Amino acid sequence: REKGTILGRIVCNGISKNLSPIEDPNKKNLVASVSTTCTKIYNPNGRPRICIVDCGMKYNQLRCFLSRGARVEVVPWNHDITKVDYD
């Protein structure tokens with residue numbers, strides 16, 4: 001694709017009256033809508049130190065790191081990671 005998501009709709013029996021307009025997801029910041037809004041540190045004394053930039057993170061990923069003893073810092077999608085201490 002060259003232009004992002006293709007918009008479409010499925011209608012029954014060709015009836016398309018009173019339908020709400022289709023929202024274009026390309027006009028929204030979808031990452032911001034699924035990202036955390038604040039920094040969170042899990043297992044602060046653990047090693048290695050891992051920084052996760054939350055762009056829609058799966059929590060099982062976090063659980064896997066923590067089960068292995070890691071210190072995990074989860075930051076928002078727009079966080080400046082140059083100021084985060086990680087391995």
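So the sequence shown is numbered by the numbering used here: it starts at 1 and just counts up by one.
Glycine included, every Cβ here is placed at the ideal spot set by N, Cα and C.
These numbers were taken from a predicted model, which means no experiment stands behind them.
ARG9 to ILE15 span [Cα, whole Å]: Cα to Cα, ARG9 sits roughly 11 Å from ILE15.
7 Å Cβ shell around CYS55 - same chain, five flanking residues per side excluded: VAL31, SER35, TRP77
Local conformation of VAL34 per DSSP, three classes: helix
Proximity to LYS3 [Cα-Cα], best of ILE50, ARG63, ASN26, CYS64: ASN26
Contact belief for ASN43 with VAL72 at Cβ below 8 Å, rounded distance in angstroms: Contact between ASN43 and VAL72 holds, with the beta-carbon distance rounding to 7 Å and staying under 8 Å.
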